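What follows is a set of notes on a single structure, which appears directly below.
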DNA sequence: GCAAGGTC
C-alpha cells in the first residue's frame with residue numbers, strides 16, 4: 005500500500021470492445037482519458053476509481069484473444085521440409101506472433117508502472133488460458149505485481165461494479181489444469197492436423213482432376229480432429245439415405261361422420277409389412293364392420309417451456325426459426341452482446357443460478373409494444389403465470405444462460421437479423437419463467453371385429469408460455485363425443501399402403517446436435533467447423549439448411565473408412581479429452597499421457613499412409629485421374645501377356661496402377677482401350693513363361709498371382725497361376741467377388757453404402773470406358789456384366805438404374821435394360837412385368853417372380869404367391885406395383901347382411917380379388 | 001499452404 009497515493013492498476017480484457025465497455029461503466033464516462041497503446045486496435049483507457057474505498061488510478065487495456073500461438077520450429081514449417089511423419093516429434097515453440105508483439109509491448113510497459121494487475125478475461129476455459137499468458141508477460145516486466153481476477157458475465161453496470169468490488173485471486177489449480185489441457189490439445193491438434201493435411205493434400209491434389217472452379221494451387225485438403233468427424237456425420241447420414249430401401253407397408257384406416265363432425269381412427273397395430281396378413285385382418289373387419297367404443301379417456305396434458313438458452317440452443321433455434329446459419333447467428337449475437345443488449349453468448353449453461361434477479365430482467369421488458377403486456381402479466385402475482393425456470397442440467401460455472409440485459413424496442417443500427425435474434429432471446433427468457441401450456445386430451449378406442457382403433461383430440465385450455473413463445477405451436481383438434489359401449493358403422497374403412505422413407509439429410513440444427521453430443525469443438529467454434537467444410541469443398545448446404553457431402557468429402561471419408569480407421573469418427577478426440585481429465589484430476593501425469601498419445605497417433609498416421617491405396621481408390625470412384633500423374637505413374641511390372649485382340653496392332657502388358665491395382669492393358673492406349681481389369685485383392689502379380697493351352701489366339705502367357713488372404717474367401721488359394729485370356733474361372737470369380745480395385749466398389753456393400761449407393765456411385769465414376777473382363781463389351785464392369793448369372797451379388801446387382809431413375813433389369817438375351825410395364829389383361833391387371841425393348845427378343849418376366857428368384861425383400865410373400873389362384877397376387881402388389889393398392893381411396897360400402905365367403909371380394913363377390921381393389925367399389 | 005482456440 006502506498007499511503008495516500010492512489011494505486012496504479014493495470015486492467016486487461018480479452019478484447020478491445022470489452023475494455024471500452026468496462027472502462028465506460030466503471031468511470032461512468034467521467035474523466036475518462038483514452039490514449040493509444042502500441043497496438044492500433046488496443047487502446048488504453050485511464051480513469052480514477054475507488055476499489056473498496058481505496059483510490060485507484062485505473063489503466064484499462066486489452067488483448068485480442070490468445071497472445072501466444074504454437075507452431076513447429078522454422079525448419080519444419082515448409083511443406084516439403086520434412087516427412088509429415090516427423091511432425092509427431094518435431095520441436096514446437098510457443099511464441100507471441102508478429103502481429104501481437106505490439107500488444108505484448110504495451111502490456112510490458114504498462115505493467116512496469118503498476119502495482120496491481122486485474123484480469124478481466126472471459127470466464128471460460130480459454131479465458132483462463134489467456135489470463136495465464138497475460139500474467140506470464142506482465143510478471144516478466146514486473147515481479148512485484150499484485151494479481152487479481154475479476155469475474156463477470158454481462159457487460160452491464162450491476163455485474164461490472166460487483167466484479168470489481170469483489171476481486172478474487174486467479175485460481176492457480178484451475179488455471180494449471182486448464183493450461184495443461186489446452187496445451188495438450190493444441191499440440192495434438194497441430195501435429196495430427198498438419199501431418200494428415202500435408203499427406204493427403206500432396207497425395208491427392210495433383211493425382212486427380214479436382215475441378216472446383218478455382219485455382220487449385222491453393223487447394224488444401226485439410227484434415228482436422230474437429231472438421232473430419234463433423235464431415236463424418238454428414239457422410240454417414242448421406243449413406244444411410246442412399247442405402248435405404250423403401251419397404252411397402254399396409255394399414256387400415258377408419259373414419260366416422262356424425263353430427264359433430266368427422267373422426268379419424270388409426271389402427272393400433274400401426275402398420276404391417278405383410279400384405280397377406282393385412283388383407284386377412286381387413287377382410288375380417290369388413291365382414292363385421294360394427295364399431296364398439298371400448299374406452300374414452302380424458303386427460304390433462306402439459307407442454308413445458310424450453311430450458312434457459314445456451315449457445316447451442318440459440319444456434320439451433322435461429323437456424324430452425326429464421327434459417328440463419330450458426331456462423332451468422334454468433335456474429336449477430338456478438339454484436340448484441342457488445343452493445344450490452346444480451347448476456348455473453350458463448351455459454352454452455354442452461355440453468356439460472358439462485359442469485360439471478362429474474363424479476364428485474366422481466367421488469368425491463370414491460371414497456372415493449374409487443375411483448376410488454378406479457379411481461380406485465382408475468383409480474384402480476386394474481387395472474388399466476390410465473391414459474392421458476394427449469395434446470396437444463398448444464399453449467400459451465402462461468403456464464404449464465406443467454407438472456408436480455410438491456411431493454412430495446414429496436415435500435416436504428418440493427419439489421420432484421422439483430423431484431424430477430426434479440427426477440428428470440430427475450431421471448432425465450434420470458435417463456436422460461438412462464439407456466440407450461442395446458443391441454444385437455446381425449447382418446448377414444450374402438451373395436452371392429454376384434455381389431456382396435458383409436459382417435460385422439462386436444463383442446464388447449466391455457467396457452468401460457470405459448471402466448472409469448474410464438475416460435476412453438478401445439479396443434480389442437482376437436483373430436484366428436486363418444487361414450488363407452490356406443491356402436492356405429494364406420495363411414496369409411498380402407499386398406500391403405502405406404503412406403504418407408506429414408507431419414508432426411510442433416511440440418512444445421514441436427515449437425516450441431518451431433519457435434520454437441522460427441523463433444524466436437526466448443527460453443528465458440530462449432531459454427532467454424534461447419535463453415536470450414538463448405539470452404540474446403542467437402543460439403544454443401546441447400547436452401548433448406550441441409551447438408552450433403554460433395555464427391556470430395558465422401559471420397560475422403562470413404563478412403564479412411566476403407567482403411568478400417570475411424571479417423572472420421574469422433575472417438576479419437578473423446579479419448580484424448582478423457583485422458584486430459586485424468587491429468588487434471590492428477591491420476592495421470594501430463595508428460596506420460598502426451599507421449600503415449602503421440603506414439604499412438606504417429607503409429608496410426610504411418611499405418612494410414614501404408615494404406616494410402618484406399619484413399620486413391622476412393623477418389624478414383626468419383627474423379628478422373630489427372631494428366632499430371634497419369635500414364636507415367638503406371639508402374640510396368642513386366643512384360644507382354646499377349647497380342648491385343650482388339651486393335652491387333654499392339655501388345656497387352658501387365659501393369660500396376662499407382663493406386664496399387666493390377667490390370668493388363670493395350671500398349672496402343674489411348675487409341676486402343678482394350679484392358680483386362682484384375683481382382684482388387686492381388687498383392688503381387690508376375691508374368692511367367694507358361695503358355696495357356698486353351699486360349700486363342702496364342703500365345704497367352706500365364707501370370708503368377710498372390711492374393712491378400714483377408715480379401716478373398718477362405719476356400720480360395722492365396723497363390724494362383726492364372727490366365728487372363730478368359731478361360732480362368734477362378735480369376736473370373738475373384739474379380740466378381742473382390743471387384744477390380746479403383747474402378748468399382750467392393751462386391752459386399754460396406755457400412756451404410758447399399759445397393760442404391762453403389763449404383764449411383766458407379767454412375768458418377770468417370771473412368772468406366774474400359775471393357776468388361778467377362779464379355780469384353782464396353783460400358784460396364786465384369787461384376788455388373790449382364791452375360792453373367794446373378795450369383796454372388798444377389799438380387800441387387802441384377803437390377804440396373806435406368807436414366808430416368810427407374811429400377812430395371814437387363815434382358816436375358818441381349819443385355820439391354822428392360823422396360824417395366826403393367827399388365828392390363830383380365831387375369832393379371834395391375835401386375836408388373838419386365839420386357840425387352842428390342843423387337844427381336846421375346847424376353848419377358850413377371851416382376852414378382854423376379855423377386856422370388858432373387859430373394860428380394862418380398863420374401864415373406866414368395867411362398868404364397870406362386871399359385872395363380874392365390875388372390876393376394878391379383879392386387880397388383882409388388883415393388884413398384886402399388887397401383888392396385890392406391891385405388892383404395894374409395895369408401896367402404898356398408899354391410900348388407902349378405903353372407904360372405906372368406907375367399908371372395910366382399911363388394912362384388914368375385915373370388916379373383918379382395919374388396920380393397922375391387923373395380924366395382926364406390927360406384 | 002496445415003489444427004483448433006481465442007478475436008479484429
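In the working numbering, the protein residues as written are 5 to 927. C-beta atoms are modelled at their ideal positions from N, C-alpha and C, and glycine is treated no differently. These numbers come from a predicted model, not from an experiment.
Short of 7 Å in beta carbon distance, which residues of its chain neighbour residue i, apart from the five on each side in sequence? Order them along the chain.
i: residue 360; result: 404
i: residue 513; result: 320, 323, 324
i: residue 154; result: 122, 123, 124, 167, 168, 171
i: residue 391; result: 437, 438, 439
Using beta-carbon positions only, say whether residue i and residue j come within less than 7 Å of one another.
i: residue 134; j: residue 98; result: no
i: residue 112; j: residue 145; result: yes
i: residue 621; j: residue 239; result: no
i: residue 497; j: residue 281; result: no
i: residue 199; j: residue 91; result: yes
i: residue 550; j: residue 509; result: yes
i: residue 435; j: residue 472; result: yes
i: residue 356; j: residue 426; result: no
i: residue 506; j: residue 245; result: yes
i: residue 193; j: residue 229; result: yes
i: residue 541; j: residue 216; result: yes
Excluding the 5 residues preceding and the 5 following residue i in the sequence, name in chain order all residues of the same chain whose CB lies nearer than 8 Å to its CB.
i: residue 466; result: 439, 441, 442
i: residue 12; result: 60, 61, 63, 117, 118, 119, 120
i: residue 946; result: Since the first residue shown for the chain is 5 and the last is 927, residue 946 is missing from the structure and cannot be characterised.
i: residue 190; result: 74
Return the CA-CA distance between residue i and residue j, expressed in angstroms with no decimal places.
i: residue 374; j: residue 279; result: 55 Å
i: residue 224; j: residue 611; result: 22 Å
i: residue 692; j: residue 728; result: 12 Å
i: residue 419; j: residue 603; result: 51 Å
i: residue 33; j: residue 27; result: 8 Å
i: residue 352; j: residue 503; result: 40 Å
i: residue 385; j: residue 394; result: 19 Å
i: residue 454; j: residue 273; result: 12 Å
i: residue 474; j: residue 343; result: 26 Å
i: residue 699; j: residue 732; result: 10 Å
i: residue 535; j: residue 331; result: 7 Å
i: residue 483; j: residue 268; result: 9 Å
i: residue 164; j: residue 130; result: 20 Å
i: residue 706; j: residue 721; result: 17 Å
i: residue 47; j: residue 553; result: 45 Å
i: residue 289; j: residue 491; result: 14 Å
i: residue 437; j: residue 85; result: 60 Å
i: residue 547; j: residue 532; result: 19 Å
By Cβ distance, which residues of its chain are closer than 6 Å to residue i, with the 5 residues on each side in sequence left out?
i: residue 94; result: 76, 80
i: residue 301; result: 447
i: residue 14; result: 63, 114, 115, 118, 121
i: residue 39; result: 48
i: residue 299; result: 449
Could you check which residue in the options has the C-alpha nearest to that of residue i?
i: residue 266; options: 290, 494, 505, 13; result: 494
i: residue 297; options: 519, 84, 457; result: 457
i: residue 9; options: 137, 250, 53; result: 53
i: residue 338; options: 158, 39, 538, 390; result: 158
i: residue 66; options: 308, 247, 520, 21; result: 21
i: residue 631; options: 710, 544, 289, 213; result: 213
i: residue 41; options: 19, 106, 241; result: 106
i: residue 309; options: 445, 431, 416, 629; result: 431
i: residue 556; options: 627, 291, 306; result: 627
i: residue 481; options: 445, 271, 687, 489; result: 445
i: residue 681; options: 735, 378, 56; result: 735
Practice task
Return the chain-ordered ranges of every alpha helix (DSSP H) run that is complete within the stretch 700-736 and spans a minimum of 4 residues.
Solution key: For the stretch 700-736, not a single whole alpha helix (DSSP H) run of length 4 or above is found.
Handout entry: Contiguous beta strand (DSSP E) assignments of at least 3 residues, all confined to the stretch 453-493
Key = Here the runs fully enclosed are 455-466.
Handout entry: Entirely enclosed alpha helix (DSSP H) segments - the stretch 273-309, minimum 4 residues
Key = Taken in chain order, the unbroken stretches of alpha helix (DSSP H) that lie wholly in the stretch 273-309 and span 4 residues or more are 279-291.
Practice task
Enumerate, from N- to C-terminal direction, the unbroken beta strand (DSSP E) stretches of 3 or more residues contained entirely within the stretch 139-204.
Solution key: Taking only runs of at least 3 residues, the beta strand (DSSP E) segments lying wholly in the stretch 139-204 are 150-153.
Exercise for the section: Could I get the ranges of all uninterrupted alpha helix (DSSP H) runs contained in the stretch 544-574, with 4 residues as the minimum, in chain order? Expected result: Those alpha helix (DSSP H) runs which fall completely within the stretch 544-574 and span 4+ residues are 555-567.
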